[in-house]
Amino acid sequence: TLTDVPAGRFTLGFFHPMLDSLGMAAPLHEVIVEGRAPVRADLAIPSASRYRAAICGGRPAARDLGAVLVGFVRDAERGAPAAGATVMGEWLEVTFRPNGVSSRVPRVMAKTGENGWFAICNVPKDGTMNLIASLGADSTDRIEVQVPAIGVARRELFLGSARTGASMDIAPGSSPSQAPGRVRRGEGRLSGTVFTTGGKPLPGAQVSISGGAETRTNDQGEWTIVDAPIGTRMLDVRALGFYPDRRRVDVIEGAPLVHVALSTLRAVLDTVRISATRNSNVRNLMEFQDRRRSGMGRYLTSADITKQNPVLTSELFRSMSGVRVDMDPETHERYLMVRGNVGDWCQAAIYLNGRQLHGVSADDMDVWVHPKEIAGIEVYAGLGAPIEYQFGMSGCGSVLIWTRAD
82 TLTDVPAGRF TLGFFHPMLD SLGMAAPLHE VIVEGRAPVR ADLAIPSASR
132 YRAAICGGRP AARDLGAVLV GFVRDAERGA PAAGATVMGE WLEVTFRPNG
182 VSSRVPRVMA KTGENGWFAI CNVPKDGTMN LIASLGADST DRIEVQVPAI
232 GVARRELFLG SARTGASMDI APGSSPSQAP GRVRRGEGRL SGTVFTTGGK
282 PLPGAQVSIS GGAETRTNDQ GEWTIVDAPI GTRMLDVRAL GFYPDRRRVD
332 VIEGAPLVHV ALSTLRAVLD TVRISATRNS NVRNLMEFQD RRRSGMGRYL
382 TSADITKQNP VLTSELFRSM SGVRVDMDPE THERYLMVRG NVGDWCQAAI
432 YLNGRQLHGV SADDMDVWVH PKEIAGIEVY AGLGAPIEYQ FGMSGCGSVL
482 IWTRAD
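Each number in the numbering used here comes from the position in the sequence shown (counting from 1) with 81 added on.
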């Protein structure tokens, strides 16, 4: 409401920070005020579909790819717009056909303008995609973006550098989420709290920057990560008996506290009835053979395994290049290590028959899987693995183990 407006002809509009981040200027309207009679003038912004059409033009190639992702890329240290930065988006598409299931990973790219603004058209509606921005040696993590059903998503990104340092310090007796190796460090600092959904502090929760430093909460549920790489990163929060939380954070000067509330597994998961059957791996083994012929990773077939005649499964990796078994000096557990996206050694994500085994050591693997049961092994460095076998697009490699179908 505007009061005491004199009679006359006026132009009416409004401002909002959201409009700036969308790269949109609110439409202006002419208003005529005559005498003391009240005048009503409703203001609005274009609908999501009209906004997308104004940026992308025309209709999308497919109905489910009618969304647009916009935002700004800034320098994490100074906050200045990053002109000429590359922003890449990708997502997983799975197609079900009568003769089987196929998947692919579409990728789209955009360049930021002088003011750091970017727009990526024809991304999936009501789904999750991965986003990364880079300019020279600076970059963000691969972050997860949820695109709403309305078809317009907004994301601000901060570019920062990271140096490779020695493995993080873990409190004696604790179990690291990442085996000893090399991690990314920086000049950033991030703090926050972890509580239960009931409002109680959660001590001992593990908080980590993806591929970087980690810490644990104190008795008050408080935590601080130092030497974190600056920029837009992914934060993982885990606690025994609670559903994990994974979210985007901006490690910048003056970043607000990150407050996380974890739900118990009982609250998140409904009652589950489990029945055990021997699941056929025929299709998985066919896909294994297809990937082996592509030559994108390193592979061991059942014939290779029989020739080596190992006693333990972990012995199979001694003869493979690009993978090794390292021991944690604190816990004396052994972990499978592969080359990460930046060339350093990091703990591999392990998948057994397509399902990820979280926090599994090489010793655990020796207990669960006998070499005679294995039909094939795949080892991928960095982001070389198929996207469905990349844990959170972390940039570390993956080890896939397939057991016999019979």
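We put the beta carbon where it would ideally sit given N, CA and C, even for glycine.
Secondary structure of residue i, DSSP reduced to three states
i: residue 132; result: helix
i: residue 415; result: strand
i: residue 262; result: With a pLDDT of only 47 at residue 262, under 50, the local geometry of the prediction cannot be trusted, and no value is derived from it.
i: residue 271; result: strand
i: residue 471; result: coil
i: residue 298; result: coil
i: residue 91; result: strand
i: residue 96; result: coil
i: residue 102; result: helix
i: residue 446; result: helix
i: residue 483; result: strand
i: residue 329; result: strand
i: residue 257; result: No answer about residue 257 holds up, because its pLDDT of 39 lies below 50 and its placement is not dependable.
i: residue 401; result: coil
i: residue 251; result: Bear in mind that the predicted position of residue 251 carries a pLDDT of just 42, short of 50, making it unreliable; the figure below should be weighed with that in mind. Coil, per DSSP.
i: residue 459; result: strand
i: residue 150; result: strand
i: residue 365; result: helix
i: residue 306; result: strand
i: residue 477; result: coil
i: residue 220; result: strand
i: residue 358; result: Caution is warranted here: a pLDDT of 48 is assigned to residue 358, below 50, making its placement in the model unreliable, and no coordinate value can be reported.
i: residue 372; result: helix
i: residue 84; result: coil
i: residue 25; result: Absent from the structure is residue 25, since the part of the chain shown begins at 82 and ends at 487.
7 Å Cβ cutoff met for residue i and residue j
i: residue 442; j: residue 235; result: no
i: residue 171; j: residue 186; result: yes
i: residue 308; j: residue 239; result: no
i: residue 482; j: residue 433; result: yes
i: residue 458; j: residue 381; result: yes
i: residue 460; j: residue 401; result: yes
i: residue 176; j: residue 313; result: no
i: residue 192; j: residue 148; result: no
i: residue 341; j: residue 363; result: no
i: residue 282; j: residue 301; result: yes
i: residue 403; j: residue 463; result: no
i: residue 161; j: residue 333; result: no
Cβ distance (whole Å) where residue i is taken to contact residue j below 8 Å
i: residue 316; j: residue 328; result: 6 Å
i: residue 446; j: residue 395; result: 6 Å
i: residue 209; j: residue 189; result: Going by Cβ atoms, the distance from residue 209 to residue 189 rounds to 15 Å, so no, they are not a contact pair.
i: residue 153; j: residue 217; result: With 8 Å as the limit, residue 153 and residue 217 do not qualify as a contact, their Cβ atoms being about 18 Å apart.
i: residue 79; j: residue 377; result: Residue coverage of the chain in this structure runs from 82 to 487, which leaves residue 79 outside it and unanswerable.
i: residue 132; j: residue 233; result: 6 Å
i: residue 269; j: residue 229; result: The Cβ separation is near 29 Å, so there is no contact.
Option in the options with minimal Cα separation from residue i
i: residue 304; options: 268, 333 and 284; result: 284
i: residue 166; options: 194, 173, 139 and 289; result: 194
i: residue 89; options: 108, 289 and 118; result: 118
i: residue 219; options: 241, 413 and 213; result: 241
i: residue 114; options: 84, 125, 99 and 180; result: 84
i: residue 199; options: 168, 480 and 211; result: 168
i: residue 293; options: 427, 179 and 106; result: 427
Test: residue i CB closer than 7 Å to a CB of chain B
i: residue 429; result: Going by chain labels, chain B is absent from the structure shown, which holds only one protein chain.
For the stretch 157-209, which segments carrying the beta strand (DSSP E) assignment without a break, of at least 3 residues, lie completely within its bounds, in sequence order? Counting only runs of 3 or more, we get 167-171, 174-178, 181-185, 188-192 and 198-204.
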